[in-house]
Structures are given as structure tokens and as C-alpha cells.
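K.L.:
Can you read through this structure? Questions will come right after.
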Amino acid sequence: MIAPVTTRVALITGSSRGLGRTIARRLARDGMAVAVNGRQEKPLAELVAEIRAEGGTAAAFPADVTDEQDVSRLAEAIASQLGPVDVLVLNATGPQPEARIADADRAAFDAQLAFFVHSPVLLGRALTPGMIARGHGRIVHVDSEVADRPQPGWSAYATAKNAQIGLARAWARELAPHGITVNSVAPGWIPVERHAGSSVDGYLATVPAGRMGTPDDIAHVVAFLAGDGAGFVTGQRIVVDGGRSLHA
Numbered sequence: 001m002i003a004p005v006t007t008r009v010a011l012i013t014g015s016s017r018g019l020g021r022t023i024a025r026r027l028a029r030d031g032m033a034v035a036v037n038g039r040q041e042k043p044l045a046e047l048v049a050e051i052r053a054e055g056g057t058a059a060a061f062p063a064d065v066t067d068e069q070d071v072s073r074l075a076e077a078i079a080s081q082l083g084p085v086d087v088l089v090l091n092a093t094g095p096q097p098e099a100r101i102a103d104a105d106r107a108a109f110d111a112q113l114a115f116f117v118h119s120p121v122l123l124g125r126a127l128t129p130g131m132i133a134r135g136h137g138r139i140v141h142v143d144s145e146v147a148d149r150p151q152p153g154w155s156a157y158a159t160a161k162n163a164q165i166g167l168a169r170a171w172a173r174e175l176a177p178h179g180i181t182v183n184s185v186a187p188g189w190i191p192v193e194r195h196a197g198s199s200v201d202g203y204l205a206t207v208p209a210g211r212m213g214t215p216d217d218i219a220h221v222v223a224f225l226a227g228d229g230a231g232f233v234t235g236q237r238i239v240v241d242g243g244r245s246l247h248a
């Protein structure tokens with residue numbers, strides 16, 4: 001008889017709002033103990049209260065995941081309060097200003113690489129040794145359709161996202177023998193709080209599904225990749241865009 005799986009601990013970076021918030025609530029509903037992370041304490045506390053009100057297990061861990069010392073403290077705090085991290089969802093992001101070639105200096109690129117390469121590397125170094133020791137782990141990168149379809153002014157963001165895709169694939173190959181899967185989810189444009197007031201009409205016209213995606217659409221795919229049933233799925237990138245990429 002197969003022994004029942006104990007509660008998995010999931011860390012979702014950048015989960016104080018937007019996609020990360022919805023992903024955290026979904027993983028909690030799936031029975032995981034979720035560590036919610038962001039830089040601001042108030043929205044994290046509100047999210048924890050919501051999850052607990054629904055019968056889930058959650059705790060807030062404010063931290064800057066681009067800072068090495070903060071990441072080290074984060075890993076220790078989660079292990080102490082919830083247990084070692086089994087599922088890592090890399091969703092944290094920062095400001096995404098547009099900058100044309102003449103204005104996109106090194107600082108613009110460094111700012112995007114900090115979230116999409118440097119932060120995952122720090123978290124991977126902190127958390128994968130424990131996953132390897134336990135013989136189980138799930139890592140899900142949240143990248144973007146912009147990696148494939150960059151608009152003018154998005155070179156820094158698209159470059160960093162493509163670097164993140166390469167990182168995920170390299171990790172998938174290296175970690176597969178240890179029972180750790182590494183996959184990516186690439187959302188199309190999913191309107192969240194920071195898009196308030198933006199018109200979706202032009203974008204919607206390019207979506208074959210005929211509707212805009214929702215955070216729940218992304219959370220569903222993340223939940224599959226984070227689950228025990230996805231143990232033979234690794235090195236994959238799932239584009240969740242209602243078929244928009246068919247126009248490419």
C-alpha cells in the first residue's frame with residue numbers, strides 16, 4: 001500500500017496580489033501549506049486571513065527575494081514555521097517600465113534580471129538541496145508570452161524572461177534524477193490590479209478563445225504542475241493565452 005502524502009509546503013513569491021495571490025489561494029485549497037511572500041506586510045496578512053478563513057494553512061513571509069540574505073532568512077523562517085519547502089513557484093516581479101533601445105541602459109536590464117534570473121538562482125540555491133535530500137520537489141516558473149512576442153520598448157523584460165526560460169530548462173535536466181520537476185507557465189495578458197483602467201479591446205481581438213484570461217486560468221495550470229500527479233512532466237513550458245500564439 002502506498003503511504004499517504006504528507007502536506008506539501010509551497011512558497012509562492014510575489015503573492016501579495018495579482019497572479020501570485022490567486023495561485024496561493026488555489027494551492028491552499030489543494031491542501032498545501034502555503035508560504036506567501038512579498039515586500040509589503042499588510043496585503044500578505046490579509047491573504048493569510050483569507051486562506052485560513054477557507055480552512056487552509058498559510059503564513060506570511062515578507063522578504064526581498066532579490067537579496068541573498070533575505071532569501072536565506074526566508075528559507076529558514078518557512079522551515080521553522082511550516083516545514084521545508086516542497087513546491088517553489090517563482091512569480092515575483094518588479095516594475096516593468098517601457099524603454100526604447102536608446103533609453104534601455106544596463107540598469108534597465110539589471111532590474112529585470114534581478115527578478116527573473118538572480119532571484120530564482122538565490123531561491124534555487126537555498127531550497128533545492130533540501131528537495132534533493134527528500135527526493136521530491138516541484139519548481140514552477142511564471143514567465144510571459146512577451147518572451148515570444150515582445151513589443152517595442154520591452155527589450156529588457158523580454159531578454160530577462162528568455163533568460164529565465166533557459167534557466168528553467170537547465171534546472172529541469174539537472175534536477176530530474178532527484179525527483180524534482182521544473183516547468184514554466186507562460187501567461188498571455190491577464191488583467192490584474194496593476195492593469196486597472198487599461199483597455200483590453202485591441203488585445204482581445206487577437207485571442208481566438210474570444211475572452212481575456214483570468215488569474216484562475218493560470219493558477220489551474222500551476223496547480224497541476226505543482227501536484228504529485230505531475231511527477232513525469234518536466235522541462236515543459238505551457239503557454240496559457242487562449243490560442244493567441246497561433247497568430248505567430
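Residue numbers (the UniProt record's numbering): 1 to 248. Just so it is clear, CB atoms sit at the ideal spot from N, CA and C, and this is done for glycine as well. Here the structure is a predicted model, which means the values were calculated and not measured.
1) Roughly how many whole angstroms lie between the Cα atoms of Ala-156 and Gly-166?
2) Under 8 Å Cβ to Cβ from Gly-243, same chain only, skipping five residues before and after it: list those, please.
3) So the candidates are Trp-171, Pro-191, Thr-7; which of them puts its Cα closest to the Cα of Thr-22?
4) If Val-146 and Ala-158 are in contact, beta carbons under 8 Å, what's the gap, nearest whole angstrom?
5) Using the beta-carbon count (16 or more within 10 Å), is residue 249 buried or exposed?
6) Considering only DSSP beta bridges, list what Pro-187 is partnered with.
7) Hey, quick one: how far does the beta strand (DSSP E) through Thr-57 stretch, first residue to last?
8) Who pairs with Trp-101 in a beta bridge, going by DSSP?
9) Where in the stretch 91-177 do unbroken runs of the beta strand (DSSP E), each at least 3 residues long, occur, reported from the N-terminal end onward?
10) Quick one: what does DSSP say Ala-82 is sitting in, helix, strand or coil?
11) Taking the alpha-carbon positions, what's the Ala-168 to Val-89 distance?
12) Just verifying my parser: in three-state terms, what is the DSSP assignment at Val-87?
13) If we count the other Cβ atoms within 10 Å of its Cβ and call it buried at 16 or more, is Leu-19 buried or exposed?
14) Hey, Val-140 and Val-222 are a contact pair by Cβ (cut 8 Å); roughly how many whole angstroms apart?
15) Name the two residues that bound the continuous alpha helix (DSSP H) containing Ala-209.
16) Taking Cβ to Cβ, would you say Thr-114 is nearer than 7 Å to Thr-66?
17) Would you call the stretch 123-130 in contact with the stretch 68-86, where contact means no fewer than 3 C-beta pairs closer than 8 Å?
18) For Val-233, which residues from the same chain have a beta carbon less than 7 Å from its beta carbon, with the 5 sequence-adjacent residues on both sides left out?
19) For Ala-102, count neighbouring C-beta atoms within 10 Å of its own C-beta (all shown protein chains included) and say buried if the count is 16 or more, exposed if not.
20) Ends of the alpha helix (DSSP H) at Ala-33?
21) How about Leu-122: is its Cβ closer than 6 Å to a heavy atom in the ligand SAM?
22) Apply the 10 Å Cβ neighbour rule to Ser-16 and answer buried if 16 or more other Cβ atoms are within range, or exposed otherwise.
23) Within this structure, are the beta carbons of Gly-14 and Ala-92 separated by less than 7 Å?
24) For Asp-86 and Val-9, which I take to be in contact (beta-carbon distance under 8 Å), what is that distance rounded to the nearest angstrom?
25) I believe Asp-148 touches Gln-164 by the beta-carbon criterion, under 8 Å. Please report the beta-carbon distance rounded to the nearest angstrom.
26) Whose CA, out of Ala-53, Glu-54, Glu-68, Glu-46, lies closest to the CA of Ala-60?
P.N.:
In short, the structure shows the following:
1) 16 Å
2) Sequence-distant partners of Gly-243 (beyond 5 residues in either direction) whose C-beta falls short of 8 Å from its own C-beta, in its chain, are Val-207, Pro-208, Ala-209.
3) Pro-191
4) 5 Å
5) No statement about residue 249 is possible, as the shown extent of the chain runs from 1 to 248 and does not include it.
6) Val-240
7) 57-62
8) Looking at the sequence shown, residue 101 is not Trp but Ile. In DSSP, Ile-101 forms no bridge with anything.
9) 137-142
10) Strictly speaking, residue 82 in this sequence is Leu, with Ala absent from that position. Three-state result, Leu-82: coil.
11) 12 Å
12) strand
13) Burial of Leu-19 is indicated by the presence of at least 16 other C-beta atoms within 10 angstroms of its C-beta.
14) At roughly 5 Å, the Cβ-Cβ gap stays under 8 Å, so Val-140 and Val-222 are in contact.
15) Run containing Ala-209: none; DSSP gives neither H nor E here.
16) Looking at the sequence provided, one finds Ala at residue 114 rather than Thr. Contact flag set, yes.
17) yes
18) Excluding residues within five positions, the ones whose Cβ falls inside 7 Å are Thr-181, Asn-183, Leu-225.
19) exposed
20) Element bounds for Ala-33: not the alpha helix (DSSP H) but the beta strand (DSSP E), 33-38.
21) In the structure shown, the ligand SAM is absent, as is every other ligand, since no ligand is present at all.
22) buried
23) One thing to note: Gly-14 has its Cβ within 7 Å of the Cβ of Ala-92.
24) For Asp-86 against Val-9, the beta-carbon gap comes to about 5 Å, under 8 Å, which counts as contact.
25) The C-beta distance from Asp-148 to Gln-164 rounds to 13 Å, too long to fall under 8 Å, and the pair is not in contact.
26) Glu-46
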